[in-house]
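Let me begin by presenting the structure, written as structure tokens, before commenting on it.
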Amino acid sequence: MAVNNMGSYERSDTSKYERGDPKHNRKKLYSRDKKLNAGIKKIDKQYQEALRSAAGTELLLQEEAGFLEADGPMEKTFKFKQDDIKDVVDQGTLNKTFKLSLAQYGPYQMDFTRNGKELLIGGRKGHVASIEWRTGQLACELHLNETVHAVKYLHNDQYFAVAQKKYTFIYDKTGLELHRLKQHIEATQLEFLPYHFLLATAGNTGFLKYHDVSTGQLVSEIRTKLGPTQAMKQNSWNGVMHLGHANGTVTLWSPSMPTPLVKMLCARGPIRDLAIDREGKYMVVGGMDKTLKVWDLRKFKEIDEYFTPTPVQSLDVSDTGLVSTGWNTHVTVWKDMFKSKQNSPYMNHLLPGDKVEKLKFVPFEDFLCAGSGKAVQNIIVPGAGEANYDALELNPFETAKQRQQQEVISLMNKLHPDTITLDPNVLGTVDKRANSIRLKPGEISEVATSPDAKLQIRPDVKGKNSALRRHLRKKTQNVIDQRKLRIERNLQLEKESRKRQHNDRIGVENDSDVLNPVLSRFEQKR
Amino acid sequence: MAKKTRQTGKSKAKRSNQKILNAFEIAERQENGSDSDGNSGDDDYRVQDGVLDASKFLNNAKKEDFSDDEIDSDEALGSDDDYDILNSKFSQSIRDKEKKLKSRAQRRRRGEKVESESDESDDGYSSIDEDQLVGLSEAWDMDDKDLAKSKMLAADKDVVLDDAWESASSEESESDDESGSESESEEDIFGDDSGNEVDLSNTLTHLKSQLKMLPKERKKLISETIIENEFSLPTNGNKLSINDMISAVDTSVSKDAILIDNEESSGSKALDTPLPVNIQQKHERRAAYEITKEEVSKWEDTVQQNRQAEVLKFPLNPTIKHNDTATTFRSTNDPTTDLEKKIHSVLTESALTDDKKEATFEELAVAKMSPEEMKERTNELRLMRELMFREETRARRIKKIKSKTFRKIKKKERLRDQDLVEGSDESDKEDHDRKRAEERMNLKHKTQSKWAKSLIKSGLSKDSSNREELEEMLRQGERLRTKQLGYEDGDQSDNNASDIERDYEEEETISNTSRAKLGKGVLAMDFMKAAEERHRQENLQEIEMLKKLENGEDLQQFSEDVNSINVIKNQGRRVYNPTAADGDINAVNKRARQEIEDDESSNLLNKLSKKAAIVINKPEETRAHETEPQEEANPWLIAGDTKRSSKVRVVDKDSSKQEKTLNKMKKKSVKSKIGENLEIDVGETLGFELDNSDDDERETFKQLDLIKDAFAGDNVVTEFQREKKRVVKDEDDKEEDVSLPGWGDWAGGKKQKKRKIVKKINGVVQKDNRRDKNMKNVIINEKMNKKNLKYQSADVPYPYESREQYERALRMPIGQEWTSRETHQRMTMPRVITKQGTVIDPLKAPFK
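One line per chain: the protein sequences are A and B, in this order. Read in UniProt numbering, the first sequence has 99 at position 99, and its numbers run on one by one without any break. Read in UniProt numbering, the second sequence has 676 at position 676, and its numbers run on one by one without any break.
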């Protein structure tokens, strides 16, 4: 065993890496069982070591995210123009800025691969292109001659899905049409869950459909019953889909539930767009009623409310928590929006004579890509990208070999659609309804045998006082008439039959000489 | 008769080997009565046996002869002699009885014969044989009733037999003739095979002798009254006491015999009965178990250790192999290279390599001492050691005193001493540097540093992050200073001066007495004594001072005249420039005073508040207008959030309750102000180009209202509320009436109370337990997601006892995506690792 491991040192800031519920009842944590206690203590020790070790890895995060900083109180960061920024940034960054003037087929939607290497643009009028944007290499370009509502890369740059006029299609890197997803009709929104390999589509039909792109199976189709879907984004923390609807509600969906997990009223008018931060803690929703609301997804509580001069067209949240809003010709970037209510934006950009269609932060880069009516362009937003990337997870400088290996690994680690829940931490835990303490063998049998006494319906028990008895009782004892005789006989019969029934019930054989009712009439009457 | 003949014949046959013997001899021998004659009467069956045995050696003809003989004998018994008597007097049964009796008598007689063989005459014996039947019958006649007296009868019978001897002999003579002829014939028959005959006779005699013995034993009457025992002796019912046995032995020997216990001492004590076997075995098993347990428990530690080990690597204790490279240094005793040899030779020549071992005991000086001397010496040494040890501990205790004032004084004193000692000669540059560094270190974590000063001066300390840093620095300084004082947080024992003093006094008495006894030695020498005395004085002085400090007259000392203190110290030193020293001491004193004062107010809180006060003063003058603008709602002009600037006082754990509450109230007020703002603040729109003029404000107001108006028709909110209400109702518990409609109802006017059968249906969640109960615009679906259930445990899995334990154990994932590589590898390490190709020995027995 290594003596000098990272977990063996005391570190000050391990709280960031803590997991689970810290405020457990200590009494419940330890038991009288010596062996179990030792085991728990061992696990606790391992946990502490893991925490320290994790804190120790911070050493590897060499890069720091820097933001625009103003000199003095009079200078405002939102007043910096892109040109000003371009003057001072390094050549490498400069090289990455681009503006594609595409006046003919706009407005443009776009999407990046998860590692930010490739850019996929889709013009409303049927222009689709996949570009390695850093080098400017065009992978493929398609003219579909059909309305394009949305474009989306699948797990890597090899495949992409395009939501067209009626169906959704899947193309490969060269632009070859691979599949026509005939189940996905009139989709306007596309999302891809990379860990589940699920392509989610929603659109004018009001259906949310999940399609497993690794097996080709339609996993589930859910009827939202809320009309055409206006906006759709995924919560990357738990894989839950957030759908924005025309009645101002945002609904949260999992493929395993036919009803929404949560329904929130976020705006008075239709939802224009929404965005969720990387950690799945906050959601920004823009509505037609010119509101922009920040929601805390852990408590489902509205934190802040902002007003936009015109309804928001597009929203996005960067890895570092910058919120970009596109409204009309403006692109506004907000910083620390989740921390406190902001009075002024972080950055501002104007697209003169153009209308913002789609905003998307470039993964691992300090850029914001804006698709508009006539162009697709990169805007420099300092501090937007995650500075320290995990190359084993997403590698912006991925080689072909690495990509292939990553694909295999991710396919092997593919998660089942049923694992999508609002709180992924419940997976593996004890069922909420189950007993929270382990029952001993005796107790189990006790629980199993005791019936739910309350629920049992008891039959009505007839009173012993029948009319015959009553008559007998009423009549004087010494008078014996015809009726009394008959009554006595009947009572006798009744008694016998009751006895027989009782015998039947308890399983005792009745006398075999008893004739069946048909023949009993011939029996000698006593 | 025939019987007799046979007998004689047989006797003849016996002696047939002696062919030389003549008939006279034979007759004579018959008359004298041979030893074999005594057997004759009783031996019908025995003879037969003998014949049967002998038949191996004889042929069938002989056998026939013998069988004939037997028949004859029977006949003889029945007819010849006893006939009259038997027929006339007794019935058959009696005869039988008599037969038995006869046989018994015969037996008895045989016994008699054995006894009286030596003394009785031969004739008498033969006559007995002769007259047995007659004598018996007569005896029967005389006394036929009493069988028990048969013994006596036998004695009488002898007499009777003697009487009847004549007749018997006459009869015998007749029979002799017959037998003689017979024997002759027999001899003829046997004649042809003499060797066989010899053998036969031998065997016969042998057999007879053998058979004679057997029935004797059988007849023995054993009447045992004693309990059968291994040690019981055949004493014929008489008690055999030990004394009887001892009497047989020489008395002198018996006295000395220890194994024989005297009757008095042993008394009638009986030995305890041994325990039952099963209980004995149980005890044995228990003992064996104890032994085995002990044996096994030797392994306990090893097994426990291995069980608790996170990873077991086999082989458990691998032998570490070092790869010795060519460069590895090896120390060998004998020189190998030429150079080494050369050097070695030189060394040996110059006698530098002395191989002498450590001094042996004989060589030590102690060896020459007498034991008394040695004892004394060791005692002396022990005492001295003890005293030194006590002094040491005392010094340690003084060192531990945590009173800061005391420390300061001590330090000052030391400095003064140093100044006096080294102030004159400043040659010690290194020491000087060290002191300087120390000084700098002391200043490092105070606010005197350049950075801190600038920070405070520029008012940057107002900024939260800067402020935190500053505080951290101060805290660090505090920590370091405590460290410098030589104790860590935990072990500040609070020894009082008086305590130590008492200790001192107590010991003094001991040391005085012991010192007197000490005699001479190194420790008894003058200079040692002096040093010790000095040391003691120092300690006492410190205690004195400490006491003073405790009493509160601390600072006076520093204002005292300098020289007076100085003289006592450094007695052995001469002071060359007292004036310079004075100046120094004054400075030192001043500093010490300053520091004491500082220390009194050295709580972090105090410091902080002091600094904060400074901070407050400056910026409030310069930016008085800036603390306000929060309320002014002109956010576009101020980029930086100035909210925190007003909060100058840092509220942390140390701060008092009052402060906290104050702070809370402040916060609340600020919040409420903001809340008020929210409704009317226009600046919160995303558009920032809007001017802040009143007209515009109105305009935006209008617009907001317009928007509200525009979406008023949708009544999304009410719809949402309605939906929520419905969902709450749907998912709540329900009560259902399961009674059939119409049953139990009366159609008549008089309404009877209907018997309801109500079934409670559990809903998804009760109304009050909903998660979204207090959330205004949220509906949370509380339905169970059945598809998720397969990823959950139905109940708490085995080793864990509660949900908390289980979930706690689960919380750290082991995948390398979520943990560091190190953690991943540790957590996925197999429990047992075996090295391939190595032999794994079984656990070795522990060292016990």
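Virtual Cβ for every residue (Gly too), placed ideally from N, Cα, C.
Contacts of residue i in chain A (Cβ-Cβ under 8 Å)
| i | result |
| --- | --- |
| Leu-789 (chain B) | Asp-431 |
| Ser-739 (chain B) | Simply none; closest approach about 10 Å. |
| Asn-278 (chain B) | The contacting residues do not exist; Asn-278 (chain B) stays about 37 Å from chain A at best. |
| residue 866 (chain B) | A query on residue 866 (chain B) cannot be resolved here, the shown segment of chain B reaching from 1 to 848 and no further. |
Proximal residues to residue i (C-beta, below 8 Å), its chain only, five neighbours per side dropped
| i | result |
| --- | --- |
| Ile-761 (chain B) | Asp-733, Lys-734, Glu-735, Glu-736 |
| Gln-137 (chain A) | Ile-131 |
| Tyr-159 (chain A) | Tyr-153, Ile-170, Tyr-171, Asp-172, Lys-173, Leu-178, Val-213 |
Under 7 Å from the C-beta of residue i: neighbouring residues of chain B
| i | result |
| --- | --- |
| Lys-57 (chain A) | Sequence inspection shows Thr at residue 57 (chain A); the Lys mentioned does not correspond to that position. Those are Ser-820, listed as they occur along chain B. |
| Lys-335 (chain A) | Under the 7 Å cutoff, chain B gives no residues; its nearest Cβ is about 11 Å from Lys-335 (chain A). |
Cross-chain neighbours of residue i in chain A, by beta carbon under 7 Å
| i | result |
| --- | --- |
| Pro-799 (chain B) | Leu-36, Gly-39 |
| Phe-314 (chain B) | The contacting residues do not exist; Phe-314 (chain B) stays about 14 Å from chain A at best. |
is_contact[residue i, chain A] using C-beta, thresh 9 Å
| i | result |
| --- | --- |
| Pro-813 (chain B) | yes |
| Met-827 (chain B) | yes |
| residue 851 (chain B) | With chain B represented from 1 up to 848, any question about residue 851 (chain B) goes unanswered, as that position is not in the structure. |
| Tyr-289 (chain B) | no |
| Ile-707 (chain B) | yes |
| Gln-308 (chain B) | yes |
Contacts of residue i in chain B (Cβ-Cβ under 9 Å)
| i | result |
| --- | --- |
| Arg-298 (chain A) | Those do not exist, as Arg-298 (chain A) stays about 12 Å from chain B at its closest Cβ, beyond 9 Å. |
| Met-6 (chain A) | Ser-820, Glu-822, Thr-823 |
Own chain residues within Cβ distance below 6 Å of residue i, not counting five before or after
| i | result |
| --- | --- |
| Glu-18 (chain A) | none |
| Thr-378 (chain B) | none |
| Val-832 (chain B) | Leu-312 |
| Lys-844 (chain B) | none |
| Val-778 (chain B) | Asp-772 |
| Leu-394 (chain A) | Arg-114, Asn-115 |
| Gly-106 (chain A) | Gly-123, Gly-373, Lys-374 |
| Gly-286 (chain A) | Arg-272, Asp-273, Leu-292, Val-312, Leu-315 |
Neighbouring residues, chain A, relative to residue i (Cβ below 9 Å)
| i | result |
| --- | --- |
| Asn-781 (chain B) | Leu-252, Met-257, Thr-259, Pro-260, Leu-261, Val-262, Lys-263, Leu-422 |
| Glu-817 (chain B) | Asp-390, Leu-392, Glu-393, Asn-413 |
| Met-775 (chain B) | Met-264, Lys-299, Phe-300, Lys-301 |
Where residue i meets chain B, residues with beta-carbon distance less than 8 Å
| i | result |
| --- | --- |
| Gly-227 (chain A) | Those do not exist, as Gly-227 (chain A) stays about 12 Å from chain B at its closest Cβ, beyond 8 Å. |
| Ala-54 (chain A) | Thr-819, Ser-820, Thr-823 |
Cβ-based neighbour list, residue i, same chain, cut-off 7 Å, excluding 5 preceding and 5 following
| i | result |
| --- | --- |
| Gly-227 (chain A) | Gly-206, His-245, Ala-246 |
| Ala-65 (chain A) | Thr-320, Gly-383, Ala-387 |
| Thr-834 (chain B) | Phe-314, Ile-840 |
| Arg-223 (chain A) | Gly-206, Phe-207 |
| Pro-424 (chain A) | Asn-238 |
| Gly-7 (chain A) | Glu-49, Ala-50, Arg-52, Ser-53 |
Below-9 Å beta-carbon distance, residue i vs any chain B residue
| i | result |
| --- | --- |
| Lys-28 (chain A) | yes |
| Ile-43 (chain A) | yes |
| Met-283 (chain A) | no |
| Val-426 (chain A) | yes |
| Ala-65 (chain A) | no |
| Ser-31 (chain A) | yes |
| residue 561 (chain A) | Since the displayed chain A opens at 1 and closes at 526, residue 561 (chain A) lies outside it and no answer follows. |
| Met-241 (chain A) | no |
Beta-carbon neighbours of residue i, restricted to chain C and to distances below 9 Å
| i | result |
| --- | --- |
| Tyr-210 (chain A) | The structure shown contains no chain C; its protein chains are A and B. |
Would you say the stretch 261 to 273 of chain A touches the stretch 207 to 214 of chain A, given that touching needs at least three Cβ pairs under 8 Å?
Output reads no: the stretch 207 to 214 of chain A does not touch the stretch 261 to 273 of chain A.
I'd like the ranges of any alpha helix (DSSP H) spanning at least 4 consecutive residues and lying wholly in the UniProt domain "BING4 C-terminal" (345 to 424) of chain A.
Here the runs fully enclosed are 400 to 412.
Decide yes or no for the touch test of the stretch 435 to 449 of chain A against the stretch 787 to 804 of chain B: beta carbon pairs closer than 8 Å, at least 3 of them.
By the Cβ test, the stretch 435 to 449 of chain A is in contact with the stretch 787 to 804 of chain B, since at least three Cβ pairs between them sit closer than 8 Å.
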